[in-house]
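Numbering (the numbering used here), first residue to last: -6 to 220.
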């Protein structure tokens, strides 16, 4: 009987501890969600490795929100110099207000070498930047095992700049894209030729800016404004 009572008591204690732990996890997640600003990213892990030629960087975010992408910088002399010719684009979901957890990204710096120091900046949709901690490239004797690709494949992947417009354009549903396409305005060469054949005046300005020209000034320049 005592053994049965002890067993029940043990199960109740274990259940209560599980409930407390679950409640703490939920509270922690809610607190984290409140702390994530409109444009925010937090770096969790950054790995930088090299076989001696080029540096492979891989980073994981604790969370991100309204994140457009990343720029990678290498310490050259006394300054950090950007090595990414184009921004490393973030996942599609991170463009929204939704908080994305555990996003993983990578970049191969073909001009990097063992011992180089790097930082990574996350770029938000508002232009704000979040800088990572500093990481130094360590040695690996099997880069393909870390990167999932051979050194030659990594070098080829960075051999040409991607079409940035194609990658950054929002991916719209087919129906919405059709509406956008139908509403596009295209050059009207006939109207342009007609307008250039009309009477006009030449206006000279001394500096860039906006200028207001009155009807009286146009008439004084010989333009018929009665039409």
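We put the beta carbon where it would ideally sit given N, CA and C, even for glycine.
The alpha carbon of residue 103 has as its nearest neighbour, out of 72, 55, 130, the alpha carbon of 130. Beta-carbon to beta-carbon, residue 58 and residue 93 are separated by about 7 Å, close enough to satisfy the 8 Å threshold. Distance between residue 38 and residue 65, taken at the CA atoms: about 15 Å. By the C-beta density criterion, residue 111 is buried, having at least 16 other C-beta atoms within 10 angstroms. If you draw a straight line from the Cα of residue 122 to the Cα of residue 36, it is about 12 Å long. Residue 41 is positioned such that its CB atom lies closer than 7 Å to that of residue 50.
Boundaries of the beta strand (DSSP E) around residue 57: 48 to 58.
Bridge partners of residue 75 according to DSSP: 66. One Cα belongs to residue 75, the other to residue 139, and the distance between them is close to 23 Å. Here DSSP, grouped into helix, strand and coil, assigns residue 82 to strand. Distance from the CA atom of residue 207 to the CA atom of residue 218, rounded to whole angstroms, is 10 Å. Using a 10 angstroms sphere on the CB of residue 67, the tally of other CB atoms reaches 16 or more, which defines it as buried. Per the C-alpha coordinates, the member of 108, 72, 198 positioned closest to residue 48 is 108. For residue 206, the three-state secondary structure derived from DSSP is coil. A Cβ-Cβ distance of about 10 Å is found for the pair residue 147 and residue 46, leaving them out of contact under the 8 Å criterion.
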